[in-house]
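Enquirer: Per our numbering, residue -2 is the first one in the sequence shown, and the count goes up by one each step.
Where a beta carbon is used, it is the ideal one built from N, C-alpha and C, also for glycine.
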Amino acid sequence: MSAALSQGAARRRTPGEQAGPKVAAEPEKLLTVAIPRSMHAELKALCAQADISMKQLVMRGISREMDSVRKRTTT
-2 MSAALSQGAA
8 RRRTPGEQAG
18 PKVAAEPEKL
28 LTVAIPRSMH
38 AELKALCAQA
48 DISMKQLVMR
58 GISREMDSVR
68 KRTTT
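Following this line, the structure appears as structure tokens:
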């Protein structure tokens, strides 16, 4: 594990957050999900390697799963 990870590196900002207040983003809702510590550690390490935030990876996964469910239920 990299030194930045073990020392609690600052979270990465999303493109909307990086752009600053000029970008009108959709209001967000907080979602709290309990996952095993081992999964969290692996998620954090994979995101660091891929240079993406954990939020980005989780949102992509949720979006893909929602698309899949929509396709199955709208036949």
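Between Ala0 and Met63, what straight-line distance do the alpha-carbon atoms span, to the nearest angstrom?
Expert: On the sequence shown, residue 0 is found 3 positions in, with the first residue counted as 1. On the sequence shown, residue 63 is found 66 positions in, with the first residue counted as 1. Residue placement at Ala0 cannot be trusted, given a pLDDT of 49 that sits under 50; what the coordinates show is reported in the next sentence. Approximately 36 angstroms, taken between the alpha carbons.
Enquirer: Roughly how many whole angstroms lie between the Cα atoms of Arg69 and Ala21?
Expert: Here residue 69 refers to the residue found at position 72 of the sequence shown. Here residue 21 refers to the residue found at position 24 of the sequence shown. Answer to the nearest angstrom: the Cα atoms are 33 angstroms apart.
Enquirer: Pull up the CB-CB distance for Lys41 and Met51, whole angstroms please, since I reckon it's below 8 angstroms.
Expert: In the sequence shown, counting from the first residue as 1, residue 41 sits at position 44. In the sequence shown, counting from the first residue as 1, residue 51 sits at position 54. Yes, they are in contact, since the Cβ atoms of Lys41 and Met51 sit about 6 angstroms apart, within 8 angstroms.
Enquirer: Would DSSP call Ile49 helix, strand or coil?
Expert: For this step, residue 49 is matched to residue 52 along the sequence shown. Note: Ile49 maps to coil in three-state DSSP.
Enquirer: Use the C-beta contact count for Thr71: other C-beta atoms within 10 angstroms, 16 or more gives buried, fewer gives exposed.
Expert: Locating residue 71 in the sequence shown gives position 74, counting from the first residue. That one is exposed.
Enquirer: Give the straight-line distance between the Cα atoms of Glu23 and Arg34, rounded to the nearest whole angstrom.
Expert: Position 26 of the sequence shown, counting from 1, holds the residue named residue 23. Position 37 of the sequence shown, counting from 1, holds the residue named residue 34. Rounded to the nearest angstrom, the two C-alpha atoms are 30 angstroms apart.
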